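Asks:
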Amino acid sequence: MLQISFSTQTQSTVGALAILVPEGDARSAAFQALDQATHGALSRAAKAEGFKGKDGTSCVVLAPSDSFERIVLIGLGKTEDVDAWAAEKAGGLAASLLGRAPRAALVVGDLSGVLAAHAALGAVLGAYHFGLYQTEDKDDKKRVLAELSVLGAHVAAAEELWPSLLAVARGVVLTRDLVSEPANVLNPVEFAERATTLRAHGLDVEVLDRAAMAELGFGALLGVAQGSANEPRTVVMRWNGGKEGDAPVAFIGKGVTFDSGGISIKPAAGMEDMKWDMAGAATVTGLMASLALRKAPVNAVGVVGLVENMVSGTAQRPGDVVRSASGQTIEVLNTDAEGRLVLADVLWYARDRFAPRLMVDLATLTGAIIVGLGHEYAGLFSNDDALAVGLADAGAFTGEKLWRMPMSKEYDALLKSDIADMQNISGGRAGGSITAAQFLKRFVDETPWAHLDIAGVAWASKAKNGQPKGATGFGVRLLDRFVRNGFEQG
Ligand code: BES
Ligand code: MN
Ligand code: ZN
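So the working numbering is basically just the index in the sequence shown, starting at one, shifted up by 752.
1. So what does DSSP say about T1224, is it helix, strand or coil?
2. Tell me, which residues are paired with P774 by DSSP?
3. Using only CA atoms, which one of G994, T1116, G1142, R855 lies nearest to A1188?
4. Any heavy atom of ligand 1 within a distance shorter than 8 Å of the CB on V1008?
5. What are the uninterrupted segments assigned as beta strand (DSSP E) that are 3 or more residues long and contained completely in the segment 816-867, given in chain order?
6. I want to check one thing, is the minimum distance from the CB of G1222 to the heavy atoms of ligand 1 below 8 Å?
7. Ordered along the chain, which non-local residues of its own chain (more than five positions away) have a Cβ less than 7 Å from that of G805?
8. Should T927 go down as buried or exposed, given a rule of 16 or more other Cβ atoms within 10 Å for buried?
9. Please confirm whether V1053 and A981 have their CB atoms less than 9 Å apart.
10. On the CB-based measure, 16 or more other CB atoms within 10 Å of its CB, does L884 come out buried or exposed?
11. Please list, following the chain, all residues that have a C-beta closer than 5 Å to any non-hydrogen atom of ligand 1.
12. Can you find at least 3 beta carbon pairs, one from the segment 999-1009 and one from the segment 1122-1140, that sit closer than 8 Å?
13. For L930 versus V1094, is the C-beta spacing smaller than 9 Å?
14. Taking DSSP's pairing of strands, which residues face H906 in a bridge?
15. For G997, count neighbouring Cβ atoms within 10 angstroms of its own Cβ and tell me buried if that reaches 16, exposed if not.
16. Find the nearest neighbour of A1034 within the set G1238, E945, S759, L863, judged by alpha-carbon distance.
17. Which term fits Q1241, buried or exposed, when burial requires 16 or more other beta carbons within 10 angstroms of its beta carbon?
18. Within the continuous alpha helix (DSSP H) that includes R796, where are the two ends?
19. For M1062, write down the residues that DSSP places opposite it in a beta bridge.
20. Could you tell me whether any non-hydrogen atom of ligand 3 is closer than 8 Å to the CB of M1062?
21. Might you give, ordered along the chain, the residues of its own chain that have their beta carbon closer than 7 Å to the beta carbon of H791, omitting 5 neighbours on each side?
22. Of the choices V1056, P1108, N1051, S1016, whose alpha-carbon is the least far from that of Q1068?
23. Can you give me the start and stop residues for the alpha helix (DSSP H) that F783 sits inside?
24. So does G1013 have its beta carbon nearer than 8 Å to some heavy atom of ligand 2?
25. Relative to the C-alpha of A838, which residue among A856, K1221, K1216, V987 is closest?
26. My output table needs one value for S759: the three-state DSSP class, helix, strand or coil.
27. Could you give the distance in angstroms between the alpha-carbon of Y880 and the alpha-carbon of G1079?
28. Buried or exposed, going by whether 16 or more other CB atoms sit within 10 Å of the CB of A788?
29. Should the segment 1036-1055 be called in touch with the segment 959-976, which here means at least 3 C-beta pairs below 8 Å?
30. Suppose you measure from the CA of L794 to the CA of A908; what does that come to, to the nearest Å?
31. Between the alpha carbons of V902 and A1044, how many angstroms are there, rounded?
32. Which same chain residues end up closer than 6 Å to M1062 when comparing Cβ atoms and leaving out the 5 residues on each side of it in sequence?
Right under this line is the structure:
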């Protein structure tokens, strides 16, 4: 992970540098000093490129003088619009354009300490690369951005905030690493194994195997798992940073380490994407790591259901009826609607065992949410208005945006089964994300609950907002902020 340090130093001692430039004609003292040091190369390049400091724009100036191999101008947008999210985007863009200099500087000038720290968070996440399986030659490997000094006026304030943002960055990186792993490596057993390493940070981690889940009556989850040669797991992660006895906030994740669709098999094109059908579980895991790393004063529990949805002689058949942990029976008309079956049991279990003050589940649940919302917003479904507002606000703050979708009992008729308490799909394609949410609602009772359908946002097919393509880690920053805003003591 990119190493960050903050300093008031105005002259950079490294050859690669990025500078944040607010929109408008006035240039900061930091810009002017650099421009002078490069004999006007920066202002000439900005003019030639038509660079005006607009949000999301940049201008790369190669070898502007003997002492600099590159200087990157990063547009920050209008000063009055610069918030934490804008600073993160700018920091991310800077990291992605600094090239492969091992050490570089980011000049933030008189940006507030809080925003400087957020720019650093963006840079750490913008520099992320999942390189585990690339066997580069050794010299080449050394040339990655490893250290970034953030140069600005408000070092003390930036340094004060930084440890807690670093904790969040480490959580996001963990989530991205889990999501990026191929399914032959990251099966349910391996996922659970990695979760247990979080004990080192003070998390209490329990792993339930097939027998333990059978004992608890997890017929819905185990039905999905029965076609796979890989054993299923449920992992319970607990962080007790709050008052003893206070009901926890609970986060639940869908962890399908590969979704072939089962007997209702998916088409070949794009099936490789289904290695990231465990993104909900990965986000819960990254979030729990973040809370522990920053010693959040809150009681929180994360529960993830881990299975592989495969095709085989032992696989579940369309038409099978399973009994969930809640006692409700489900007719499985489509084995590809497996996420809701997994969540049915873990949601019920979390509610039953921990009596949480609220539950939020995350799942790459439906293709339909991508049709509805594309890749900008995740779908938010909730039985509680205050909870929905709290989540949407945290989403707006962090740039991990949520759009609330309707829930209503009229949709329930679509899930009516002829032979069981419900069926796992509705008859048609209409409102597919809503019927999925209505299904989940049957397993949460009266607990304030929200469901985030992250199918459209967990993976980016191209780099965006200063973040690399691939796993986004969507939800870690959002839920960390949600917890900070509403549920921490003191
Ligand atoms: N994991 C998929 C949903 C998905 C699709 C996530 C595309 C990310 C990208 C889920 O298990 C699934 O297969 N859902 C079905 C439900 C249908 C059978 C009712 C879908 O969306 O087609
Ligand atoms: Mn599926
Ligand atoms: Zn799935």
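For every residue, glycine included, the Cβ atom is placed at its ideal position computed from N, Cα and C. On a predicted model such as this, the values are computed, not experimentally measured, just so you know.
Replies: In this structure, then:
1. T1224: coil per DSSP, three-state reduction.
2. G829
3. T1116
4. yes
5. Listed in chain order, the beta strand (DSSP E) elements of length 3 or more contained wholly in the segment 816-867 are 820-829, 855-861.
6. no
7. Listed in chain order, the non-local C-beta contacts of G805 below 7 Å within the same chain comprise V773, P774, E775, G776, G827, L828, local neighbours out to five positions each way being set aside.
8. buried
9. no
10. exposed
11. Going along the chain, the residues that qualify are D1011, D1029, N1086, D1088, A1089, G1091, T1116, T1118, G1119, I1177, A1207.
12. no
13. Cβ distance not < 9 Å, so L930 and V1094 don't count as in contact.
14. In DSSP, H906 forms no bridge with anything.
15. exposed
16. Among G1238, E945, S759, L863, the Cα nearest to that of A1034 is on E945.
17. exposed
18. 793-801
19. As far as DSSP is concerned, M1062 takes part in no beta bridge.
20. Every heavy atom of ligand 3 is 8 Å or more from the Cβ of M1062, so no.
21. S817
22. S1016
23. 781-789
24. yes
25. K1216
26. strand
27. 44 Å
28. It is worth fixing the name first, because residue 788 is Gln in this sequence and not Ala. Its Cβ having fewer than 16 others within 10 Å, Q788 is exposed.
29. no
30. 29 Å
31. 26 Å
32. G979, S980, S1012
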